[in-house]
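Step one of this worksheet: look at the structure below.
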Amino acid sequence: MRFMILVRAAPQGEVGPVPEHRLRAAMAEFRELLARAGVLLDASGLQASRAGWQLRGAHGKPEAVQAAWADDTGPRLAGYTVLQVRSRDEALEWARRFPAAQGEGVDAEVEVRQLYELDDLAPHRVGEYSPSLWPGLRH
Numbered sequence: 001m002r003f004m005i006l007v008r009a010a011p012q013g014e015v016g017p018v019p020e021h022r023l024r025a026a027m028a029e030f031r032e033l034l035a036r037a038g039v040l041l042d043a044s045g046l047q048a049s050r051a052g053w054q055l056r057g058a059h060g061k062p063e064a065v066q067a068a069w070a071d072d073t074g075p076r077l078a079g080y081t082v083l084q085v086r087s088r089d090e091a092l093e094w095a096r097r098f099p100a101a102q103g104e105g106v107d108a109e110v111e112v113r114q115l116y117e118l119d120d121l122a123p124h125r126v127g128e129y130s131p132s133l134w135p136g137l138r139h
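No gaps in the numbering here: position 86 of the sequence shown is 86 in full-length UniProt numbering, and each next residue is one more.
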């Protein structure tokens, strides 16, 4: 089972170009621990949202909008980690050990989401309901 840990931080966490030294060291140590346990597939921090853009549009003509969410006061995606684990409980245990997302004094949250596997996305007959693909859907 694969899970993605999404780290969201308050906008004040994007002020500097990189996280503080203690946080970088804690993240490096945590990634090493995940790698030694054989569960780490990928991980990275993200540059500030002002360096990115969103694609918006309709009718097949998306338009790139730079820093479209600059005035947004909600949490922003700051990084991710992808794990390969045996169970949902194991993913939860690793997520609980995740270092403080943006350092002392900065609010952050960690979200854990299970990824679809290729088998979950196998072509189905038209109209066929697949509980593994749409677990929240009532048929």
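Virtual Cβ for every residue (Gly too), placed ideally from N, Cα, C. Please read all numbers here as calculations on a predicted model, not as lab measurements.
Check                                                                        : Outcome
Alpha-carbon to alpha-carbon, K61 and R97                                    : 43 Å
Assigned secondary structure, R31 (DSSP; H/G/I helix, E/B strand, else coil) : helix
Closest Cα partner of E32 within the set L77, V110, D119, P99                : P99
For S87, the three-state DSSP class (helix, strand or coil)                  : coil
Candidates A64, R50, S49: closest to R56 by CA position                      : A64
P75 versus E109: straight-line alpha-carbon distance, rounded                : 8 Å
L6 - partner residues in DSSP beta bridges                                   : Y80, E111
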